[in-house]
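Quick note on numbering: the working numbering labels position 59 of the sequence shown as 244, and the sequence is numbered without any gaps.
Everything on this sheet refers to the single structure shown next.
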Amino acid sequence: MSEELDSLIAGLDAEWEEFCEARLRLRDAGPAALPLLVGVLRTGNDTVRPRAARVLADMGERGADALLGLLDDPLPEVRAQAIESLPLESCRRPLGARPLLLGTLNVVLMLARLGMVGAGVGALLTTPCAFVVLLVGWGWRGAGLVWMLGAAAGSLLMVLAALLIRLAGRLGRERSARLPCRYREVGIVKLQERLADPDASVRAAAIRKLAEECDPAAATWLRGMSADPSPEVRAAAAVCLGSLDDFDALFAALDDPSPQVRADAAAAIGELYHASLWPTAGLMARFGEWLDRLKCRLVWHVAPRREVRLAERGAAIRRPRPSLERDVMPAIVHLIRDKSPEVRAAVLTSLGSIEHPDSVLFILGGLMDEEDIVRVAALEALRPFAKAVDYDGLLPLLDDPAASVRTAASNVIAGKAYGSGRRLDREAVPDLLELLKVPNTHVTIHAIQALRSIGDRAAVPALIEILRTSPEAILQNNALLALEDLRDRKAVPVLIELLGDPDASLRQQCARVLGVFRAEESVPALARLLSDKTKPADNIHRVDEMAEKALRRIGTREAIDAIRRSR
Numbered sequence: 186m187s188e189e190l191d192s193l194i195a196g197l198d199a200e201w202e203e204f205c206e207a208r209l210r211l212r213d214a215g216p217a218a219l220p221l222l223v224g225v226l227r228t229g230n231d232t233v234r235p236r237a238a239r240v241l242a243d244m245g246e247r248g249a250d251a252l253l254g255l256l257d258d259p260l261p262e263v264r265a266q267a268i269e270s271l272p273l274e275s276c277r278r279p280l281g282a283r284p285l286l287l288g289t290l291n292v293v294l295m296l297a298r299l300g301m302v303g304a305g306v307g308a309l310l311t312t313p314c315a316f317v318v319l320l321v322g323w324g325w326r327g328a329g330l331v332w333m334l335g336a337a338a339g340s341l342l343m344v345l346a347a348l349l350i351r352l353a354g355r356l357g358r359e360r361s362a363r364l365p366c367r368y369r370e371v372g373i374v375k376l377q378e379r380l381a382d383p384d385a386s387v388r389a390a391a392i393r394k395l396a397e398e399c400d401p402a403a404a405t406w407l408r409g410m411s412a413d414p415s416p417e418v419r420a421a422a423a424v425c426l427g428s429l430d431d432f433d434a435l436f437a438a439l440d441d442p443s444p445q446v447r448a449d450a451a452a453a454i455g456e457l458y459h460a461s462l463w464p465t466a467g468l469m470a471r472f473g474e475w476l477d478r479l480k481c482r483l484v485w486h487v488a489p490r491r492e493v494r495l496a497e498r499g500a501a502i503r504r505p506r507p508s509l510e511r512d513v514m515p516a517i518v519h520l521i522r523d524k525s526p527e528v529r530a531a532v533l534t535s536l537g538s539i540e541h542p543d544s545v546l547f548i549l550g551g552l553m554d555e556e557d558i559v560r561v562a563a564l565e566a567l568r569p570f571a572k573a574v575d576y577d578g579l580l581p582l583l584d585d586p587a588a589s590v591r592t593a594a595s596n597v598i599a600g601k602a603y604g605s606g607r608r609l610d611r612e613a614v615p616d617l618l619e620l621l622k623v624p625n626t627h628v629t630i631h632a633i634q635a636l637r638s639i640g641d642r643a644a645v646p647a648l649i650e651i652l653r654t655s656p657e658a659i660l661q662n663n664a665l666l667a668l669e670d671l672r673d674r675k676a677v678p679v680l681i682e683l684l685g686d687p688d689a690s691l692r693q694q695c696a697r698v699l700g701v702f703r704a705e706e707s708v709p710a711l712a713r714l715l716s717d718k719t720k721p722a723d724n725i726h727r728v729d730e731m732a733e734k735a736l737r738r739i740g741t742r743e744a745i746d747a748i749r750r751s752r
């Protein structure tokens with residue numbers, strides 16, 4: 186048994202598949218594996234330690250007891266790992282009469298919001314039917330009835346879907362909740378004690394774990410950590426307070442003397458104000474405030490004591506988010522000239538996440554920064570605004586002395602070209618043709634693909650030139666595919682010429698494209714390939730087989746006679 190356990194412990198440092206198998210078997214091994222896993226946590230490396238902690242978190246009450254005990258371990262890295270792996274999310278929550286009533290109230294308010302959204306969507310979708318009713322002659326009453334039915338159906342479907350999703354989530358949580366609620370209570374008390382730990386990494390881990398519980402009381406504890414002497418702890422506290430909607434602490438961290446804190450705070454603002462969250466936030470803002478006031482009044486009558494009522498009332502009314510234009514943008518833009526390159530890079534990344542139109546000028550300014558990481562961050566932030574940026578400002582960065590900047594620039598230019606192809610933007614064809622001359626394979630490939638999508642035959646001469654002169658097979662293959670889609674017979678002479686190329690793969694692909702063109706003038710050259718038994722490494726067919734398929738597709742008497750003679 187000990188040898189088997191030793192082999193399973195060794196599997197913690199193996200590849201991912203072996204680790205998953207060892208994890209399941211260690212979890213089922215029971216108490217015998219606990220001392221070994223605790224020993225690995227204390228002596229293992231940075232790869233094995235998190236895996237051992239994950240196995241302990243999966244072992245139910247025994248594993249949770251072991252992790253709680255490790256919170257007092259003398260080694261700070263062990264304490265930090267135990268904090269990160271505490272399975273507090275698997276604990277059952279206590280449920281009394283008052284929490285049940287408040288939980289039901291939250292569910293009802295959530296369903297009311299979703300019902301309103303569903304009603305609006307249903308009414309919008311039934312608008313064409315309402316116009317048809319008007320045209321038929323049923324009048325505005327009939328149209329109004331159609332709108333009401335659509336709104337009712339949309340609201341009902343949205344509420345039913347929300348109930349089913351919530352029920353499925355509740356069942357899933359109940360199945361995975363193997364730990365009694367006392368573990369959560371003890372764990373939170375231990376985490377509060379770790380906020381005074383002498384090691385900064387342990388305090389930061391405790392802050393992040395407390396914030397994961399989304400407990401409103403955690404904000405009180407975390408505010409006290411904003412004055413911690415360690416930048417790592419202050420940064421963790423600011424980011425977690427921001428996730429709990431305490432934006433004052435997050436904005437205050439932007440003026441922290443430590444570059445790490447300022448950079449983390451700027452990055453957190455970019456995540457909280459990500460452009461993908463705008464529609465939802467804008468749609469529910471006013472309606473959410475009205476529902477919060479309703480919740481405040483209802484909670485006032487539910488809570489038993491006045492001081493509890495006041496606390497619940499304060500928690501019930503959410504503070505509105507700071508305005509993006511008035512508060513957020515000025516708060517992070519003033520850091521664009523920060524002395525620390527990490528801070529400047531984080532600000533540019535946040536501006537790219539927010540995707541506000543006013544961000545473009547600041548991001549373009551970052552392209553001229555003297556630090557590599559800032560220029561890379563500016564290029565990555567430009568991705569959402571690629572359509573509005575000219576190639577002239579990006580092409581010089583392909584010759585940047587830093588390899589990371591050259592790679593990022595090629596990705597942005599390629600993404601801009603790809604976007605032109607998706608939009609079928611014919612106005613972009615001249616710029617895309619210029620990109621074909623850029624000595625960057627990644628950029629050239631995306632420019633070819635964009636021209637292929639747009640379908641403008643003005644690109645044919647440039648594609649023929651790439652096909653004839655490029656030394657890279659990947660560029661030739663992409664040019665061939667583009668010429669095949671454009672179906673311009675100007676390419677036929679060049680394709681016939683390349684049937685004699687030394688590269689077997691190129692000969693084969695040219696034969697295939699000539700078959701697609703049904704180029705009768707290529708029959709003699711294709712007939713000569715019927716004796717070519719070469720099989721390219723990237724294809725399952727030989728060259729002669731592809732030449733025969735092309736001749737059959739051309740289908741003239743001369744082509745069929747050539748096939749017969751070859752046999």
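Built from N, CA and C at the ideal position, the CB exists for glycine as well.
Since the model is a prediction, treat every value here as computed from it, not as a measurement.
Rounded to whole angstroms, I639 and I558 show a C-alpha spacing of 35 Å. Going by DSSP, H631 is part of the alpha helix (DSSP H) stretching over 626-639. Distances from the CA of K394 to each of I268, L509, E706 were compared; the closest alpha carbon is that of I268. By the C-beta density criterion, M553 is exposed, having fewer than 16 other C-beta atoms within 10 angstroms. Around the CB of A412, fewer than 16 other CB atoms lie within 10 Å, so the residue is classed as exposed.
Rounded to whole angstroms, the separation of the alpha carbons of R264 and P272 is 14 Å. DSSP places G229 in the coil class of the three-state scheme, outside both helix and strand. Remark: C-beta atoms of A676 and L668 approach each other more closely than 8 Å. D198 sits in a helix when the DSSP states are folded into three classes. Taking C-beta atoms as the reference points, A562 and A588 fail to come closer than 8 Å. For R234, the closest of D198, E246, L680 by C-alpha to C-alpha distance is D198.
The way I'd put it, the stretch 604-624 does touch the stretch 575-585; three or more beta-carbon pairs between them come closer than 8 Å. Around the CB of C425, 16 or more other CB atoms lie within 10 Å, so the residue is classed as buried. About 7 Å separates the CB atoms of V614 and A644; that is less than 8 Å, so the two are in contact. Residues D616 of the same chain have their beta carbon placed closer than 6 Å to that of Y576, with the five preceding and five following residues left out of the count. Between R388 and R379, the C-beta gap is smaller than 8 Å, which places the two residues in contact. Counting only residues of its own chain and dropping the five nearest sequence neighbours on each side, L256 has a CB closer than 7 Å to the CB of R264, A267, I268, K375, R379.
Excluding residues up to 5 positions away in sequence, E669 lie with their Cβ nearer than 6 Å to the Cβ of V701 in the same chain. For L260, the secondary structure class from DSSP, reduced to helix, strand or coil, is coil. Cβ contact annotation for G248 (same chain, cutoff 7 Å, sequence separation greater than five): L241, A242, in chain order.
The beta carbon of I659 sits closer than 6 Å to none of the beta carbons in its chain outside the five residues before and after it.
Taking a C-beta distance under 8 Å as the contact criterion, I681 and S707 qualify as a contact pair. R727 and L671 have their alpha carbons spaced roughly 26 Å apart. Straight-line measurement puts the Cα of A450 at about 18 Å from the Cα of S386. Ranked by how close their Cα comes to the Cα of P507, the residues E565, L533, L435, S538 have L435 in first place. Boundaries cannot be given for S716, as no alpha helix (DSSP H) includes it and DSSP labels it neither H nor E. For F432, same chain residues with a beta-carbon under 6 Å away, outside a window of 5 residues either side, are P507 in chain order.
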